[in-house]
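>
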Amino acid sequence: MNASNHGATVDGVVPGEPPHIHHMDTPTAYQSAKLGMWLFLATEILLFGGLFTAFALYHWMYFDEFHHAAKELDWRFGAVNTAVLLFSSFTAALGVDAAQRGDNQRCAKNLLITIVCGAIFMVIKGIEYSSKYHHGLFPGTEFWNSPEFTQQYKMYFGLYYCMTGLHAFHVLAGMSLLFWVYLHARKGRFSERYYVPVEVGALYWHLVDLIWIYLFPLLYLVG
Numbered sequence: 132m133n134a135s136n137h138g139a140t141v142d143g144v145v146p147g148e149p150p151h152i153h154h155m156d157t158p159t160a161y162q163s164a165k166l167g168m169w170l171f172l173a174t175e176i177l178l179f180g181g182l183f184t185a186f187a188l189y190h191w192m193y194f195d196e197f198h199h200a201a202k203e204l205d206w207r208f209g210a211v212n213t214a215v216l217l218f219s220s221f222t223a224a225l226g227v228d229a230a231q232r233g234d235n236q237r238c239a240k241n242l243l244i245t246i247v248c249g250a251i252f253m254v255i256k257g258i259e260y261s262s263k264y265h266h267g268l269f270p271g272t273e274f275w276n277s278p279e280f281t282q283q284y285k286m287y288f289g290l291y292y293c294m295t296g297l298h299a300f301h302v303l304a305g306m307s308l309l310f311w312v313y314l315h316a317r318k319g320r321f322s323e324r325y326y327v328p329v330e331v332g333a334l335y336w337h338l339v340d341l342i343w344i345y346l347f348p349l350l351y352l353v354g
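Adding 131 to a residue's 1-based position in the sequence shown gives its number in the numbering used here.
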């Protein structure tokens, strides 16, 4: 019997299906991929949850110092970055919707916009870090090592750099993941039956956005 009469190639791969999936059916692969990503996101939430808890504890212990240190941050930079990430999550969701409809061109376009928003976020964060360095509010600078810059202030900015730096790393990782998905969308790899990489990539990006939504008021508006 000719295998092509059943919509399959000689090696059993169905046209339009991802060629690398041989050991499980498509619905099972889809659910497994989503479950794996949700478990990974849970570990990320635990990681940042520990940092949030540490910040809340030290903020309670050194309220006046944290209140004063927070005034050194420009909330307008944080607000712009919040708006940028919220918009990027919207375009990521549009990319998933396009992939589910088999519209690879629209999917690639929205993913590219999301990646560009991530780049804008990183540029603004770089400007912030540079400003803090020139004002001596960065580890290793002269003012940082001066007696007037107390351990309480160092605690605030240490947590600030730790949390925002770790978040920036996740932004870069998310941009890399979405760029890989973008390249596949450009090649027309996704369809109504196969869009798992787009959905998983968007889930990761939504986590990046969600973490920043907590970081912004915690760090910039605490004062």
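The beta-carbon is built from N, C-alpha and C at its ideal position, and this holds for glycine as well.
It should be emphasised that the depicted structure is a prediction, and the values quoted were computed from it without experimental measurement.
Do V227 and Y326 have their beta-carbon atoms positioned less than 8 Å apart in this structure?
Yes, they are a contact pair.
> Could you please give the first and the last residue of the uninterrupted alpha helix (DSSP H) stretch that includes N212?
It spans 206 to 231 - the alpha helix (DSSP H) in which N212 sits, taken as one unbroken run.
> For the candidate residues M286, F208, A214, whose alpha-carbon lies nearest to that of M192?
Looking at the Cα atoms, M286 is the closest of the given residues.
> Assuming the contact rule is C-beta atoms closer than 8 Å, A210 and A316 should be a hit. Round their C-beta distance to whole Å, please.
The Cβ separation is near 31 Å, so there is no contact.
> Which whole-angstrom value describes the C-beta separation of L308 and G332, a residue pair presumed to lie in contact below a C-beta threshold of 8 Å?
At roughly 5 Å, the Cβ-Cβ gap stays under 8 Å, so L308 and G332 are in contact.
> Assign I258 to buried or exposed, taking buried as 16 or more other Cβ atoms, counted over all protein chains shown, within 10 Å of its Cβ.
Its Cβ having fewer than 16 others within 10 Å, I258 is exposed.
> Answer with buried or exposed for H266, where buried requires no fewer than 16 other C-beta atoms within 10 angstroms of its C-beta.
Result: exposed.
> Verify the contact flag: A164, CB atom, against every heavy atom of the ligand MN, threshold strictly below 7 Å.
This structure simply doesn't include the ligand MN, nor any ligand for that matter.
> In the DSSP output, which residue or residues are listed as bridge partners for S261?
Partner(s): none; S261 has no beta bridge.
> Strictly by DSSP, which residues pair up with S322?
Beta-bridge pairing links S322 to Y325.
> Considering Cα atoms alone, identify which of F208, V329, Q283, V302 is closest to F186.
For the residues F208, V329, Q283, V302, the minimum Cα distance to F186 belongs to Q283.
> Do you know whose CA, among W206, M294, V329, lies nearest V312's CA?
Residue V329 is the option with its Cα nearest to V312.
> With a CB to CB cut of under 7 Å and the five nearest residues on each side skipped, what residues in its chain are close to I251?
Excluding positions up to five away in sequence, the list reads V215.
> Please classify T295 as buried or exposed, where buried requires at least 16 neighbouring CB atoms within 10 angstroms.
By the 10 Å Cβ count, T295 comes out buried.
> Roughly how many angstroms lie between the CA atoms of N276 and Y292, to the nearest whole one?
Going by the C-alpha atoms only, they are around 16 Å apart.
> Need the endpoints of the alpha helix (DSSP H) that L309 sits in, please.
Unbroken alpha helix (DSSP H) run through L309: 282 to 317.
> In terms of residue numbering, what span does the alpha helix (DSSP H) encompassing E196 cover?
Start and end: 194 to 201.
> Determine the direct distance from the alpha carbon of S262 to that of E279, and round the result to whole angstroms.
Distance between the alpha carbons of E279 and S262: 20 Å.
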